[in-house]
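So the sequence shown is residues 467 to 1390, counted in our numbering.
We put the beta carbon where it would ideally sit given N, CA and C, even for glycine.
No experiment lies behind these values; they were computed from the predicted model shown.
What follows is a single structure, written as structure tokens, with notes after it.
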Amino acid sequence: SDADSILLKYGVDKSVQLIWHAELAHDIIPEECQMRSDDREYVLKKRDPNQWSSGLLQCNSSSALSALRSSSTTSSHASRPSISYRYIGSSIDRSGLPPTGQSSSWISSHASHVSKYQRTSHYPTSRIPYSPQTYSFNIYGNYPSTTLRSQSTSSVLRRSSSSSLFSSASSASSNIAQSSLNDVQHSSNIALKQTVPSSASPTSRPTAKVLPYDEQGTVVDCGFTGLRNIGNTCFMNSTLQMLVNCKELQIYFSGGYYKKDINVTNPLGFGGRLAEVFAEFMKQMWNGMNRAYEPTKIKELVAEKATQFANFAQHDAHEFLSFVLDGLHEDLNRVRVKPTTNTIEAEGRPDIEVSREAWRNHLLRNDSIFVDLFHGQLKSRLQCPKCNQISITFDPFAYLAVPFPKEKRSSTVYFWPLDPCLKPVRIVVRYNADGKISEVLDALSRLVNVNPKAMRIIEVNNHRIVRAYNPDDSVNNILTTDIIYVFQVHDPYDCNDDIVEFAVVQRLLYRKGIGRACAYCQAADVKLKTCERCYDAFYCNRECQVADWPDHKISCRSRTQAEAVGQPFIISLPKKRVTYSNIMRNLESRCKHSVNVFQPPIENNNDASIDPLESRESYMGSSPCFSASAINGNIDDLPIEIAPVAAKRQMVLGEPRNKSRTESKLFLVRKLQQSDAVIGDTLVDSRSDAVLDLPNGTFLSINWWNLKCGKEYLTVETKRDVDIDVEKTAYYQKMSSSMASSSSIASNPSLYDMLAMFSETERLKPEESWYCSKCKEHVEATKQLVLYRLPPILIIQLKRFIYTTSLMTIHRRSKDDRPVRYPLEDLDLAQFLSDTAPSGQETKYDLAGVVCHSGSSYFGHYISLGRLLSTDGKTTEIDWRNFDDSIVTRAQLSRVQNDDAYLLFYKQHGTATQDLLKKHYGIG
């Protein structure tokens, strides 16, 4: 329009396109630069994204000059001044350029040295003439041709044959002359060989078009100043941008209000130096005169007290932020002399009273704008597992470190109830992939409603107990192919007695081969008897056995093999009921779930020595279940069901024995020194039901009478799969699936899920044990943290990085890359507040910024996204932007929900911060 100030300034109308020559003294890094004047928007964009130079120096080409002269004549303003940037202090000299043949390492070592610029006016007659014949040096002659981008920096180095263009969004003409070459030269007249290919784009264009703004105008819109990466400092840049875009801190530092609070005597601070440096930093970030600023002094000061930041290695953004906030707090602490304070214990008093006292104690030593803005209060509850003493304290916090739901894995276990007559149940349990066996038992306990302390877990393979697990063992020892059995045992509190547990294996008494001749005299076709120690040698009489003993005793004592059958298991009895009959009753009832036992056809040859199990016809399938008294060893008057079997052979299953029955005709029981031993002492029926002196953890072996008198007596076959309770298995499967679906947060957790986990009760690790004043010892207490007092600005750390140690390695680092869903508006913390928290607190928050980390736990890159929210908690002054070191661009709302989020900055609804500024500094 006619009122357009720029057109009026230069005396032209809107049909004229204004073109200025730009003498560029250093890098053009931004992906996109914008500037608005009246109703016009001027934008610097890549014309060719694949050809973008990050190191444009003073440059031009003859064709570009021709185009400029032509355009200037056409537009009738050839005498009007142009605006350019010129390097402060001196002209460009040769010492600032890489020597010929230098590698790209020179670029990295000089990348952080970017000096300031000043804007000066030049007229066409005073311009330095440029031509292809006056080269002084070609920067790009020795640069690599491919893009070089560090994982932790945004600097991009490219070979480019094109320049960048400022173009007016409202320009009427698109016929801009374009150059075919981008010639890099020095101000001297030393001629060098041209290295840019002459086959570049045939079109011609000017070196650059730049904004026609006033001398007093700004270089960049406020809020769009980036931070230069001075060597793996993206962790610092991303967090500083979050503090820069805190409206309260902007007002506090830019307005000079910080000077009132500077504490130069605090030994925990920097004597006020960090506050002064940060104030200057804040000024430079908001004056609109810096496209990028270098926060070197902040890094140097922080490194004085945190020496890990003195180098240029990659670091954790949250760790750096913690040091910066703490350092600024101490430099601006309103408390000049810190008194000594003690931890405030509840000791039965109301929470509200104790919390206020604890908060006053905190303010006696810590009182600054950073406490006002970022500090909240947690309620901590500790309980001793031995005496149940409870300790409640209230602790301040500056940020919340919320854990990720641990990744889950599944295992199929067979749960064997306490009653040996009951069939086992097959259940799928889910537990933390890096947890302990106790978590497996806890998960199973929630399903079957059995105290995890009354369960024992073993791994079974090839009819043997491979391993018995302790609750503190790692679940990493469990393989997906392992068969896991969990047995319920007696609880000593229920029985009011000590409990004796037995681990039991099943074997055949004899080897498969049947003795056909006496081992000493080789007599055949006689009745043979066996050695009752090893059951592996046969004799026609005792004399032969005694005569053979000197030769046989070595093999007899060293027998190490026995044919295992069925599945091992665990039984338990109260110590007062450990009798022979009770043990046999439990063994016969339990073993029938994993073996089938048959009696061969009986030959009617009047041979009484074979003894067809005396009065036992056959004991079939399902035995009666034990009553509570029977489980504890009371076995009187229990019924026995007898059913007919096939004529060819009888199936014999060990049913509950009543007291009148004699010694078992099915198997004998041995006490072993260890589970894989073969030889052991045989348990003998005393027929008096005396309590046996067997210690807890005794190993027993069931030895089936597969042979008798040299002939086949029983056939024992292992079942393909143990008998399971089909109905209960289906019930628990449904229940397990329901619990798994309700805890599916492990795959895609939300911030609410993680906040809920933060408030869960957990057991302290041994290295974190708590001293119980009542027990007078350190105990692994249970601990719970809940929110009590909410801060105006809430910083949440998503605990992606995990550091673990083990015996095999010094440390191990890992990163949880799972995306987290977090609300951009109206995060409501009401459900996470303590029931006794002060009423009237504002519990809703809006997202103000996000720090994101891409990469692994060993290397990566940080960026941040942020917006500037007003102090009234209602409006957004500057919308979302993406901060990638020195590059600052507008961000779409969809990008704010970022899969790489690491730190979240939330601002409370309402005018809490506005009230704080008014209270302390009189800011309306």
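Query	Result
Am I right that residue 1039 and residue 1168 are in contact with their C-beta atoms under 8 Å? What's the rounded C-beta distance?	Residue 1039 to residue 1168, Cβ: 16 Å. No contact.
Which value, in whole angstroms, describes the spacing of the CA atoms of residue 899 and residue 1266?	16 Å
With DSSP run on the structure shown, which of helix, strand or coil describes residue 950?	strand
Got a sec, what are the start and stop residues for the beta strand (DSSP E) residue 755 sits in?	Counting along the chain, residue 755 falls outside any beta strand (DSSP E), and DSSP gives it neither H nor E.
Going by Cα to Cα distance, which pick from 975, 976 and 994 is closest to residue 984?	994
Could you tell me which residues DSSP puts in a beta bridge with residue 1251?	846
With C-beta atoms as the reference, is residue 1141 less than 8 Å away from residue 969?	yes
If you follow the beta strand (DSSP E) that residue 793 is part of, which residue opens it and which one closes it?	Residue 793 -> not in any beta strand (DSSP E); alpha helix (DSSP H) instead, spanning 783-797.
Skipping 5 residues on each side, what residues in its chain have a beta carbon closer than 6 Å to that of residue 932?	925
Spatial neighbours of residue 1379 within its chain, please: C-beta separation below 6 Å, excluding the five flanking residues on both sides.	714, 1258 and 1337
Measure the C-alpha to C-alpha separation of residue 921 and residue 892 and round it to an integer number of angstroms.	15 Å
Starting from residue 862, follow its DSSP beta bridges and name the residues at the other end.	843
The alpha helix (DSSP H) that contains residue 733, what's its start and end?	No alpha helix (DSSP H) holds residue 733; DSSP gives it neither H nor E.
Spell out the partners DSSP gives residue 939 in its beta bridges.	DSSP lists no partner for residue 939.
With DSSP as the reference, identify every bridge partner of residue 1321, one or two as the case may be.	1326
Does residue 692 pass the burial test, meaning 16 or more other C-beta atoms within 10 Å, or should it be called exposed?	buried
Give every residue of the same chain whose Cβ lies closer than 6 Å to the Cβ of residue 824, excluding the five residues on either side of it in the sequence, and list them in chain order.	810 and 860
Checking 8 Å against the spacing of the C-beta atoms, do residue 1385 and residue 1322 come in under that value?	no
Considering only residues of the same chain and omitting the five flanking positions on each side of residue 1134, which have a CB-CB separation below 6 Å?	1148 and 1169
Are the Cβ atoms of residue 1032 and residue 972 separated by less than 8 Å?	yes
One question on the structure: do residue 1364 and residue 1316 come within less than 8 Å of each other, judged by their Cβ atoms?	yes
What's the C-alpha gap between residue 830 and residue 862?	13 Å
Taking 8 Å as the threshold (C-beta atoms), are residue 802 and residue 759 in contact?	no
Give the straight-line distance between the Cα atoms of residue 1234 and residue 1244, rounded to the nearest whole angstrom.	9 Å
Given a cut-off of 8 Å on the beta-carbon distance, is the pair residue 883 and residue 954 in contact?	yes
Per DSSP, what kind of secondary structure is residue 1171 in: helix, strand or coil?	coil
Starting from the Cα of residue 814, find the closest Cα among 1061, 1296 and 857 and give me that residue.	857
Compute the Euclidean distance between the alpha carbons of residue 781 and residue 1319, then round it to the nearest angstrom.	11 Å
By a C-beta neighbour count over all protein chains shown, 10 Å radius and 16 as the cutoff for buried, is residue 1300 buried or exposed?	buried
Applying the criterion that 16 or more other CB atoms from any shown protein chain within 10 Å of the CB defines a buried residue, is residue 1383 buried or exposed?	buried
Check the DSSP bridge columns for residue 1238 and list the partner residues they point to.	1243
Would you identify the three-state DSSP class for residue 892, choosing helix, strand or coil?	strand
Which partner residues of residue 1268 appear in the DSSP bridge assignment?	1280
Could you give the DSSP three-state label for residue 479: helix, strand or coil?	coil
Measuring CB to CB, does residue 1171 end up less than 8 Å from residue 975?	yes
Who are the near neighbours of residue 869 in its chain, counting only those whose CB is closer than 8 Å to its CB and skipping five residues on each side?	1220, 1223, 1224 and 1265
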